[in-house]
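Okay, so here's the structure we're looking at.
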Amino acid sequence: MISLYDTRQRAVLPFEPIAPGQVSMYVCGPTVYDVPHLGHARTALTFDMIRRYLQWRGFEVTFVSNITDIDDKIIARAAASGTTEAELAMHYKQVYMKQMERFGIARPDHQPHATEYIAQMLDLISELLKRKVAYVIKGKGIYFSVATHESYGDLIGRTVNELRESAGARVEVDANKADPLDFALWKAAKPGEPVWDSPWGPGRPGWHIECVAMATHLLGEIFDIHGGGDDLAFPHHQNEIAEAEGAKLDFARYWIHGAMLNVNGEKMAKSLENFTTLSGLLDTHPPQVLRLLMLQTHYRTVMELSDDSLASATGAMQRLNSWHRRSLAIGLSTATMDAEALARFTAAMDDDFSTPAAVAVIFDLVRAGNAALDATDLTRASEIFTTVHHLCDALGIDPSQENPTSTTTETALTQQIDELLDQRNQARAAKDFTRADAIRDQLAAEGIILEDGPDGTIWRHP
RNA sequence: GCGCCGGUGCCCGAGCGGACUAAGGGAGUGGCCUGCAAAGCCAUGAUUCACGGGUUCAAAUCCCGUCCGGCGCUCCA
Numbered sequence: 003m004i005s006l007y008d009t010r011q012r013a014v015l016p017f018e019p020i021a022p023g024q025v026s027m028y029v030c031g032p033t034v035y036d037v038p039h040l041g042h043a044r045t046a047l048t049f050d051m052i053r054r055y056l057q058w059r060g061f062e063v064t065f066v067s068n069i070t071d072i073d074d075k076i077i078a079r080a081a082a083s084g085t086t087e088a089e090l091a092m093h094y095k096q097v098y099m100k101q102m103e104r105f106g107i108a109r110p111d112h113q114p115h116a117t118e119y120i121a122q123m124l125d126l127i128s129e130l131l132k133r134k135v136a137y138v139i140k141g142k143g144i145y146f147s148v149a150t151h152e153s154y155g156d157l158i159g160r161t162v163n164e165l166r167e168s169a170g171a172r173v174e175v176d177a178n179k180a181d182p183l184d185f186a187l188w189k190a191a192k193p194g195e196p197v198w199d200s201p202w203g204p205g206r207p208g209w210h211i212e213c214v215a216m217a218t219h220l221l222g223e224i225f226d227i228h229g230g231g232d233d234l235a236f237p238h239h240q241n242e243i244a245e246a247e248g249a250k251l252d253f254a255r256y257w258i259h260g261a262m263l264n265v266n267g268e269k270m271a272k273s274l275e276n277f278t279t280l281s282g283l284l285d286t287h288p289p290q291v292l293r294l295l296m297l298q299t300h301y302r303t304v305m306e307l308s309d310d311s312l313a314s315a316t317g318a319m320q321r322l323n324s325w326h327r328r329s330l331a332i333g334l335s336t337a338t339m340d341a342e343a344l345a346r347f348t349a350a351m352d353d354d355f356s357t358p359a360a361v362a363v364i365f366d367l368v369r370a371g372n373a374a375l376d377a378t379d380l381t382r383a384s385e386i387f388t389t390v391h392h393l394c395d396a397l398g399i400d401p402s403q404e405n406p407t408s409t410t411t412e413t414a415l416t417q418q419i420d421e422l423l424d425q426r427n428q429a430r431a432a433k434d435f436t437r438a439d440a441i442r443d444q445l446a447a448e449g450i451i452l453e454d455g456p457d458g459t460i461w462r463h464p
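Going by the working numbering, the first sequence opens with residue 3, and the numbers climb by one from there.
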C-alpha cells in the first residue's frame, strides 16, 4: 500500500486511486517565456519519479502536464523582442521539451496548451457566473468571489480572514475588486494584447482557470493527483480548487507539492539571478548525476545545490558505474532477486516516495555486490546485479550508462587502446614495470584510466 | 507584520516517541588487496541531533519559549 503526503490535509494518507490499478495525475507545467533552470528540473523530476514508481508498482498512469502559453510575462517578452506571443511561447516550449528529454524526463501522455482550451474555460466561467460565485467588473473582466468559498485557504492551512489580513502585504490590491482575495477569471482586452472572443467581450483568460479546464477535460471531473511546485500552492492551486468546487466539480483527490531548490540558501529564481540553466548544467554533468543528487533529497525537503553536492553525486555515480563495469567484466548472468532488499526498497518508496532511503538500499547492495565480487561469490554477485538493475529502473537510473562524452570517436580508439593494453600486459608478464607504467601513463594522458583485476584489465574515462 | 517549513558529523542528507550503539552518499584517516596504481573491501568518525525549559518509564523525534534560515501572503517549478 502506497502512502503519500497530501498538502490539503497535511498528512501522509493511504493512496486509494479512484479506479483500482489506475492513476490519473495532472502536474502544472511551465509558463514558457524563458529557458528552464534547475528548479524546473527538480519539480519535473519529482513527478517523473512518482509517475515511474507508480508504473513500476503496476499502476496504469495517465499523466497530464500543461504548457501555459499565454500570460503577462509572455506578452511582455514578446513585445520586448518584437515577436508574437505565440511564436515566443512555441520557441521556449521547444527549448523546455528538449532539455527535459535530455534530462531523462518522460513525456506526458497529454501536454495541453492553455490557448487550446479557451472554449472550455469560457464554459467554466459561464457556469461560475450562473452559480453566482463570479461577477463582472465593467471594462476589467470577470472575477471569482472568494467569499462564496468558505474553505478557501485550506490548501495552505490558513483561514479566509487570515488571508484577508495579509493580502497586499507585498503587492497593492486592486481597489475595483469586491474582496482583496478575489481573482481574475477573464481579463478584458487591453490594447496590444492578444485577445479571444467571449460572451463578455474580447479578452484573455486568467491564470488558474486553464488548469481546471484542461485537467477536468482530459482526466474527468474527479482525478487522483494534482501536483506542482511548492510555490504554486498559493494562490494558483488554491484558486483552482475554488473555481472547480465553485462549479461543483470534485476535482483532485490528492495534492502533491515539490519543494524548492536553493542556491546559497535562497530559492533559485530568475528574479534573484542566481539560477543555473538546465542546459548549462547538462553540458558539464551527466543527466544521471543530477538525477541521483536530486533523489538523495526527499522531494518535500528544500534542497541545497552547490559544487560540493554535485561533486558528491558525481562520486556516487562513479561508484555505481564502477561496480557495474566489474560485474560485466566477470560476466554475471541474470538471477533471482534479493527479496529482502526488494522489500526494503518498496517499503521506502511506498512511504511517501522516500527516495533517499531507496537510494541507500541500492548503495548497500552495491557494497555487498563488490564484496561478493572480491570473494568471487558469483551466485551472490549475480543476485545483487539483477536486483540493483530492477531497483534502479524504478528510479530512472541506469548503472551501465557512463559519462556519454565522446561516444563517436570512442569506437575508433578502442582498437588502439586494446593494442596498448596487450603490449602492457606482455610487459607486466615479463616484469618490465617501467614499460608497463609508461603505457599506463600514456593512456592516462589521453584521459583513460586502467583497472587491473584478476580477470584482466578494464579501462574507463575518469 | 501574518502564516508555513526547517536547523542532524567536515559537506550533502535520512530518521519524526522505544532494536539510534543516528541510514546512505561525498571527503578524511588507518588497514587489506595490488609489482606499483586504479577500483574495491574492512575499520574509523556526532556520548550527540541550534539553544533553554517541559511532558514521558523512554525524545533527534511531542509541547512551550528564544535565536537563526528558507518559503508563502505578486508572477514563479
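Just so it is clear, CB atoms sit at the ideal spot from N, CA and C, and this is done for glycine as well.
* Answer with buried or exposed for Gly-231, where buried requires no fewer than 16 other C-beta atoms within 10 angstroms of its C-beta. => For the purposes of this step, residue 231 is identified with residue 229 of the first sequence, where counting begins at 1. Classification of Gly-231: buried, given that the 10 Å Cβ count is 16 or more.
* Extent of the continuous alpha helix (DSSP H) to which Arg-44 belongs -> Your numbering for residue 44 matches position 42 in the first sequence. Note, Arg-44: alpha helix (DSSP H), 40-58.
* Asked: Using DSSP with H/G/I as helix, E/B as strand and the rest coil, what is Thr-409?
  -> Translated into the one-based positions of the first sequence, residue 409 becomes position 407. Low confidence applies to Thr-409: its pLDDT is 43, below 50, so where it sits in the model is not reliable, and the reading given next is rough at best. Note: Thr-409 maps to helix in three-state DSSP.
* Asked: Any idea what DSSP makes of Thr-338, helix, strand or coil?
  -> Within the first sequence, numbered from 1, the residue matching residue 338 stands at position 336. Coil.
* Assigned secondary structure, Phe-277 (DSSP; H/G/I helix, E/B strand, else coil) -> As a first step, residue 277 is located in the first sequence; it is residue number 275 there, counting from the start. It is coil, neither helix nor strand.
* Going by CA-CA distance only, name the one from Thr-388, Gly-458, Gln-403 that's closest to Asp-420. => Working through the first sequence from its first residue, we reach residue 420 at position 418. Checked all of Thr-388, Gly-458, Gln-403; the closest Cα to Asp-420 is Gly-458.
* Asked: How is the beta strand (DSSP E) around Gly-455 delimited, first residue to last?
  -> As a position in the first sequence, residue 455 is number 453, starting the count at 1. Counting along the chain, the beta strand (DSSP E) containing Gly-455 begins and ends at 451-455.
* Does the ligand MN have a heavy atom nearer than 7 Å to the CB of Ser-168? -> Ligands in the displayed structure: none, and consequently the ligand MN is not present.
* Shortest alpha-carbon distance to Leu-220 belongs to which of Val-37, Ala-116, Thr-316? -> Position 218 of the first sequence, counting from 1, holds the residue named residue 220. Selected option, being the one with the closest Cα: Ala-116.
* Could you check if Thr-381 is buried or exposed, using at least 16 other CB atoms within 10 Å of its CB as the buried criterion? => The count along the first sequence starts at 1 and reaches residue 381 at position 379. Classification for Thr-381: exposed.
* Beta-carbon separation (whole angstroms), Ala-370 vs Ala-359, contact threshold 8 Å -> Position 368 of the first sequence, counting from 1, holds the residue named residue 370. Position 357 of the first sequence, counting from 1, holds the residue named residue 359. The Cβ separation is near 17 Å, so there is no contact.
* DSSP three-state call for Ser-324: helix, strand or coil? -> Here residue 324 corresponds to residue number 322 of the first sequence, with the count starting at 1. It is helical.
* **Other residues of its chain near Ser-402: CB distance less than 6 Å, five sequence neighbours each side excluded** => By 1-based counting over the first sequence, the position of residue 402 is 400. If we look at Ser-402 and ignore the five residues flanking it on each side, its Cβ neighbours are His-326.
* To do: Would you give the residue range spanned by the alpha helix (DSSP H) that Met-102 belongs to?
  => The residue given as residue 102 occupies position 100 in the first sequence. Its alpha helix (DSSP H) spans residues 87-105.
* **DSSP state of Ile-127 mapped onto helix, strand, coil** => Residue mapping note: residue 127 aligns to position 125 of the first sequence, counting from 1. Residue state, collapsed to three classes: helix.
* Could you tell me which residues DSSP puts in a beta bridge with Met-27? => Here the question's residue 27 lines up with position 25 in the first sequence. Paired residues: Phe-65, Ile-227.
* May I ask you to list the residues that DSSP assigns as paired with Pro-16? => Along the first sequence, one-based indexing puts residue 16 at 14. Note: Pro-16 sits in a beta bridge opposite Ser-5.
* Asked: Ala-249 to Val-361, Cα distance in whole Å?
  -> By one-based count along the first sequence, residue 249 stands at place 247. By one-based count along the first sequence, residue 361 stands at place 359. If I take the Cα positions, the gap works out to 43 Å.
* Asked: In this structure, does DSSP put Trp-188 in helix, strand or coil?
  -> As a working mapping, residue 188 is identified with position 186 in the first sequence. Three-state DSSP puts Trp-188 in a strand.
* To do: In angstroms with no decimal places, state the Cα-to-Cα distance between Glu-118 and Trp-198.
  => Sequence index remark: in the first sequence, residue 118 carries index 116 (1-based). Sequence index remark: in the first sequence, residue 198 carries index 196 (1-based). Between Glu-118 and Trp-198, the C-alpha separation is close to 11 Å.
* **Local Cβ density within 10 Å of Ala-377, reported as buried at 16 or more and exposed below that** => The residue given as residue 377 occupies position 375 in the first sequence. Ala-377 should be labelled exposed.
* Would you kindly report the start and end of the unbroken alpha helix (DSSP H) that includes Gly-205? => Taking the first residue of the first sequence as position 1, residue 205 is located at position 203. No alpha helix (DSSP H) holds Gly-205; the beta strand (DSSP E) holding it covers 205-207.
* Asked: Apart from the five residues on each side of it in sequence, which residues of its chain come closer than 6 Å, Cβ to Cβ, to Glu-152?
  -> Within the first sequence, numbered from 1, the residue matching residue 152 stands at position 150. If we look at Glu-152 and ignore the five residues flanking it on each side, it has no Cβ neighbours.
* **Contact between the region 152-170 and the region 127-139 (3+ Cβ pairs under 8 Å)** => no
* Label His-456 either buried or exposed according to how many other C-beta atoms from any shown protein chain fall within 10 Å of its C-beta, with 16 as the threshold for buried. => On the first sequence, residue 456 is found 454 positions in, with the first residue counted as 1. Correcting the residue identity first, residue 456 is Pro in this sequence and not His. By the 10 Å Cβ count, Pro-456 comes out exposed.
* Asked: In terms of residues, what are the limits of the beta strand (DSSP E) holding Leu-307?
  -> Against the first sequence, residue 307 aligns to sequence position 305. Taken as a continuous stretch (DSSP letters only), the beta strand (DSSP E) holding Leu-307 covers 305-307.
* Asked: Quick one: what does DSSP say Lys-142 is sitting in, helix, strand or coil?
  -> For the purposes of this step, residue 142 is taken as residue 140 along the first sequence, with counting starting at 1. The answer is coil: DSSP assigns Lys-142 none of H, G, I, E or B.
* Asked: According to DSSP, is Val-214 helix, strand or coil?
  -> Stepping through the first sequence from its first residue, residue 214 is reached at position 212. Residue state, collapsed to three classes: helix.
* Asked: What is the DSSP secondary structure of Asn-264, counted as helix, strand or coil?
  -> The residue labelled residue 264 in the question sits at position 262 within the first sequence. Strand, per DSSP.
* Hey, how far is the Cα of Ser-147 from the Cα of Arg-346? -> The residue labelled residue 147 in the question sits at position 145 within the first sequence. The residue labelled residue 346 in the question sits at position 344 within the first sequence. Approximately 49 Å between the Cα atoms of the pair.
* **Span separating the alpha-carbon of Met-92 from that of Phe-277** => Walking along the first sequence from the start, residue 92 turns up at place 90. Walking along the first sequence from the start, residue 277 turns up at place 275. Near 22 Å, if we compare the C-alpha coordinates of Phe-277 and Met-92.
* Asked: Between the region 136-150 and the region 185-198, are three or more C-beta pairs nearer than 8 Å?
  -> yes
* What whole-angstrom Cβ distance do Ile-72 and Leu-90 have, given they're in contact under 8 Å? -> For the purposes of this step, residue 72 is taken as residue 70 along the first sequence, with counting starting at 1. For the purposes of this step, residue 90 is taken as residue 88 along the first sequence, with counting starting at 1. The pair is not a contact, with the Cβ atoms about 10 Å apart (cut-off 8 Å).
* Is the distance from the Cβ of Gly-229 to the Cβ of Phe-17 below 8 Å? -> By one-based count along the first sequence, residue 229 stands at place 227. By one-based count along the first sequence, residue 17 stands at place 15. It is not a contact, given that the beta carbons lie outside the stated cut-off.
* Which class does Phe-253 belong to by DSSP, given the choice of helix, strand or coil? -> By 1-based counting over the first sequence, the position of residue 253 is 251. It is a strand residue.
* Tell me which same chain residues have a C-beta within less than 6 Å of the C-beta of Ile-158, skipping the five on either side of it? -> The residue you call residue 158 lines up with position 156 of the first sequence. Once the five neighbours on either side are set aside, the close Cβ partners of Ile-158 are Ala-235, Phe-236.
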